[in-house]
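Just so you know, the UniProt record's numbering puts 158 at position 158 of the sequence shown, and the rest follows in order with no gaps. Below you'll find the structure, written out as structure tokens, and then a few comments.
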Amino acid sequence: MGNKESQFNGRSDDIKTSQVLDSNFVKSFVELSDEDDNLGWEKFQIISILTNIRQYRLLSGLYDKALRISKKDDNFFGQQLSLSLICDNRYSRATKMLQKCILQKEEEENNQNKFDESLITEYLHLARLQIEQLGDLELAESATLKAINLSSGTWLSGRCHLLLAMIFGLKAQYGNSLCSKKELIAESIKYYEKAIELDPHDDTAHLYCALEYANSRDFERAKEYCQAALSLNTENPFAIMLLALIFTARKDYKGALELVINALNDFPSHYGLLVLRLKLEARYGRVEEALQTSHNLICFWRKNRSATDPCDDEQNSRLNGDINKMTASKEAIVPLTPLLIAPLGITATPGPSTHLIASNVEGTPYPSIDNLSTIGPPTNTSDGGGPASTDSLSVLSSSSKSWINFSVFRLQADIWVELAEFFIEIERMNDVQACVEEACMIYPNSYQALYLKGHLYFKRAEKCAQTDLNLSKKLMAEAKNFVLGAISICTEHVLSIACLGRIYHFEGYLKMAEKMFRDATSIEPYDARNWHQLGCVLSELGRSNEALECFETASSLEVNTPLIPFQVIPRLLSFF
């Protein structure tokens with residue numbers, strides 16, 4: 001085994017699969033009695049060593065074999081197996097095992113006529129995994145409904161209704177038509193209001209109820225709930241940002257700018273507020289002044305790269321079970337957050353593109369683009385006796401932390417796209433081009449960066465169309481390639497779909513352009529620009545009546561469109 005000083009310098013130097021998963025070893029591990037202090041401590045040491053050196057594949061294998069030979073009629077090993085599988089990023093089997101343990105525990109409680117409140121949190125945990133890692137909103141809804149039935153009369157009832165409301169909100173985000181979106185938003189609002197009724201001091205429920213009212217363009221109710229959220233928790237920058245966006249949708253730019261400037265006194269590094277201030281100041285013609293103070297915003301990801309840059313060898317080694325290719329450093333024995341595969345815009349696991357943001361887990365007084373893990377609404381006390389936005393499970397797994405970091409970075413990447421679009425709009429393409437090129441080199445799988453690169457090529461092609469037709473065609477072909485690449489990564493990225501529609505329109509492929517703009521309006525029916533573009537295409541096709549309807553829709557939506565889409569306000573799911 002070697003001397004004690006070098007025993008654990010590496011993650012696997014002295015931990016061999018044959019030793020850990022030997023049948024006799026597993027049998028002795030299972031038979032260790034917790035009643036014997038020495039044996040219980042030995043079991044704890046085994047688990048601690050494997051956890052601290054991040055040998056989750058070995059740990060899950062140990063629990064898997066222990067589960068097979070255990071004679072006890074409890075689900076302890078099953079629960080531990082599901083947790084170790086989560087740490088190993090094997091979410092599909094983890095959720096199945098967790099579901100099996102929950103059903104077994106529920107059956108035992110029914111037979112004994114008793115109720116354990118932890119069963120509710122386990123259902124919430126299962127729902128969160130389905131949303132964050134597998135993207136199965138139907139199974140998440142089923143688990144949440146069971147939690148609601150069990151939580152009746154308990155302090156967790158409000159939190160269960162809040163999660164169900166958020167699930168309907170996510171479904172609305174990916175609805176296929178305007179009618180279905182409206183129905184799902186109405187369901188979401190109904191459960192948000194029920195959650196507020198059960199826990200009137202939960203500022204999170206007020207905030208996301210305001211967000212859904214804003215999405216449905218009922219700005220009076222949205223403002224009312226947003227102000228209620230701020231009265232419950234004044235240290236919530238996203239509530240302030242949502243209120244400012246509501247002002248911009250009502251064309252009260254002066255009130256929005258005053259609100260944002262005051263908020264930046266308390267949250268000077270909040271990326272979303274800084275970008276919103278830039279766009280508001282541009283409305284008053286102070287573009288140069290705004291750009292001088294906000295020029296560094298376009299390169300925000302350079303500061304964040306160290307926090308989110310993937311370590312491919314380590315990640316692939318852990319995912320493939322290769323325990324021989326690990327870093328032999330002293331930090332190897334410290335549990336760390338799993339790194340992400342593509343932090344700027346693509347997830348390593350399937351699922352909806354949800355915004356999942358952490359609360360102030362490090363105690364930082366305000367969100368910062370330099371501290372990704374601390375962005376989100378600070379907590380406030382609810383009627384349930386606990387923080388309104390804290391983890392009901394009292395645990396935040398490493399996989400959840402990595403998803404939080406990824407989601408925070410993706411949120412800022414979406415706002416970064418809005419900022420880059422603004423630079424392009426005011427003919428400052430040179431300022432953004434170098435940044436986009438560098439982002440594409442560092443993050444080649446980022447659909448945001450690929451889209452922006454395609455958009456830049458498209459704008460250049462438009463400019464030289466009258467002077468150099470051959471160059472214009474060449475640039476347009478490059479633009480199409482980049483936009484198609486972005487769509488292949490994220491098939492529901494509306495900006496990429498709309499950009500492809502404009503390219504087809506420019507090239508004269510009107511039927512293809514119509515298809516793209518119809519897809520864009522189906523995914524995001526509240527964007528007036530896409531309706532206007534669709535109307536232009538239909539008009540050229542000679543379908544005047546349909547074109548007129550599109551222009552009327554665009555005109556009605558334009559008066560209610562915020563400067564930045566409401567979707568940049570994150571939906572907080574990591575605390576269930």
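A virtual CB, placed ideally from N, CA and C, is assigned to each residue, including glycine.
| task | Figure out for me which residue from GLN130, LEU119, PHE238 and LEU184 has the closest Cα to the Cα of SER152. | result | Answer by Cα proximity: LEU119.
Measure the beta-carbon distance from residue 579 to PHE506 and round it to whole angstroms, keeping in mind my assumption that it falls under 8 Å. Residue 579 is absent from the structure shown; the chain starts at 1 and stops at 576.
inquiry  = For a test of the three-state rule: what should DSSP assign to PRO562, helix, strand or coil?
reply    = PRO562: coil per DSSP, three-state reduction.
(request) Kindly indicate which three-state DSSP category GLU107 falls into: helix, strand or coil? (result) The DSSP-derived three-state label of GLU107 is helix.
Exercise for the section: Could you tell me how far apart the beta carbons of ILE564 and LEU245 are, in whole angstroms, since I believe they sit closer than 8 Å? Expected result: Confirmed, Cβ separation roughly 6 Å.
Whole-angstrom C-beta distance between TYR208 and GLY169, which should lie under 8 Å: Taking 8 Å as the upper bound for CB-CB distance, GLY169 and TYR208 are in contact here, some 7 Å apart.
Notebook entry, point to check: First and last residue of the alpha helix (DSSP H) that includes PHE247?
Noted result: Counting along the chain, PHE247 sits inside the alpha helix (DSSP H) bounded by residues 237-249.
Handout entry: Given 8 Å, three or more beta-carbon pairs between the segment 512-532 and the segment 477-484
Key = With contact defined as three or more Cβ pairs closer than 8 Å, the segment 512-532 and the segment 477-484 are not in contact.
Contact under 9 Å by Cβ, ILE523 with ILE489 = Not a contact, by the Cβ cut-off of 9 Å.
Residue of PHE238, VAL494, ARG502 and SER82 minimising C-alpha distance to CYS536 | Ranking the options by Cα distance to CYS536, first place goes to ARG502.
Requested in this report: My understanding is that THR204 touches ILE167, with C-beta atoms under 8 Å, so please give their C-beta distance in whole angstroms.
Outcome: Not really, about 15 Å apart at Cβ, beyond 8 Å.
Inset, instruction - Count the other C-beta atoms from every protein chain shown that fall within 10 angstroms of the C-beta of ARG571, then say buried if there are 16 or more, exposed otherwise. - result: Around the beta carbon of ARG571, 16 or more other beta carbons sit within 10 angstroms, so the residue counts as buried.
Find the nearest neighbour of CYS160 within the set PRO237, LYS181, ILE196 and ALA186, judged by alpha-carbon distance. Closest by alpha carbon: ILE196.
Next on the checklist: Here's the rule: buried if 16 or more other CB atoms are within 10 angstroms of the residue's CB, otherwise exposed. What is LEU58?
Outcome noted: With 16 or more other Cβ atoms within 10 Å, it is buried.
In this structure, does DSSP put ILE53 in helix, strand or coil?
In this structure, ILE53 counts as coil in the three-state DSSP scheme.
Quiz prompt | Whole-angstrom distance between ARG93 and THR51, CA atom to CA atom | solution = Using only the alpha carbons, I get a separation of about 19 Å.
Cβ neighbour criterion (16 or more within 10 Å) applied to TYR504: Taking every protein chain shown into account, the CB of TYR504 has 16 or more other CB atoms within 10 angstroms, so this residue is buried.
Notebook entry, point to check: Excluding five sequence neighbours on each side, which residues of the same chain lie with their C-beta closer than 7 Å to the C-beta of ILE569?
Noted result: For ILE569, where only same-chain residues beyond five positions count, the Cβ hits under 7 Å are LEU211, PHE238, MET241 and LEU242.
- What's the call for MET441, buried or exposed, on a 16-neighbour Cβ count within 10 Å? Of the other Cβ atoms in all chains shown, fewer than 16 fall within 10 Å of the Cβ of MET441; this residue is therefore exposed.
### Query
I think SER142 touches ALA165, with their Cβ atoms under 8 Å apart; what is that distance to the nearest whole Å?
16 Å between Cβ atoms; not a contact.
Provide the residue span of the alpha helix (DSSP H) that contains LEU139, from first to last.
Membership of LEU139 in the alpha helix (DSSP H) is indicated by the continuous run 137-150.
Query raised in the report: Using CA coordinates, which residue listed in SER84, THR467, ASN89 and LEU198 is at the minimum distance from GLN133?
Result: When each option's Cα is compared against that of GLN133, the closest is ASN89.
Looking at ALA528: is its Cβ nearer than 9 Å to the Cβ of LEU548? No, these two residues do not count as a Cβ contact at 9 Å.
Exercise. Could you tell me the distance, in whole angstroms, from the CA atom of TYR526 to the CA atom of GLU546?
Key: The straight-line gap from Cα to Cα measures roughly 18 Å.
- By how many angstroms is the C-alpha of ASP218 removed from the C-alpha of LYS463? Whole-angstrom Cα-Cα distance: 40 Å.
Classify CYS226 as helix, strand or coil using the three-state DSSP reduction.
Helix, per DSSP.
Please work out which residues of its chain come closer than 6 Å, Cβ to Cβ, to SER472, disregarding the five sequence neighbours upstream and downstream, and give them in chain order.
Apart from sequence neighbours up to five positions away, the residues of its chain that approach SER472 with a beta-carbon distance below 6 Å are ALA461, CYS464 and ALA465, ordered along the chain.
### Query
CYS179: buried (16+ other C-beta within 10 angstroms of its C-beta) or exposed?
Its Cβ having fewer than 16 others within 10 Å, CYS179 is exposed.
Assess contact between the segment 97-108 and the segment 78-86, defined as three or more Cβ pairs (one per stretch) separated by less than 8 Å. Is contact present? Segments in contact, yes.
Point to revise | alpha helix (DSSP H) runs contained entirely in the segment 470-494, provided each spans 4 or more residues | key: Entirely contained in the segment 470-494, not one alpha helix (DSSP H) run reaches 4 residues.
Practice task
Could you tell me if GLU514 is buried or exposed, where buried requires 16 or more neighbouring beta carbons within 10 angstroms of its beta carbon?
Solution key: Answer is buried; the Cβ neighbour count reaches 16.
C-alpha distance - PRO444 paired with GLU106, whole-angstrom precision
The alpha-carbon atoms of PRO444 and GLU106 are separated by roughly 47 Å.
Checklist entry - Does the distance from the CB of PHE458 to the CB of LEU469 come in under 9 Å? => result By the CB criterion at 9 Å, PHE458 and LEU469 fall outside the cutoff.
Notebook entry, point to check: Would you report the Cα separation of ALA480 and LEU450, rounded to the nearest angstrom?
Noted result: Checking the sequence shown, residue 480 turns out to be Lys, not Ala. The C-alpha of LEU450 is placed about 10 Å away from the C-alpha of LYS480.
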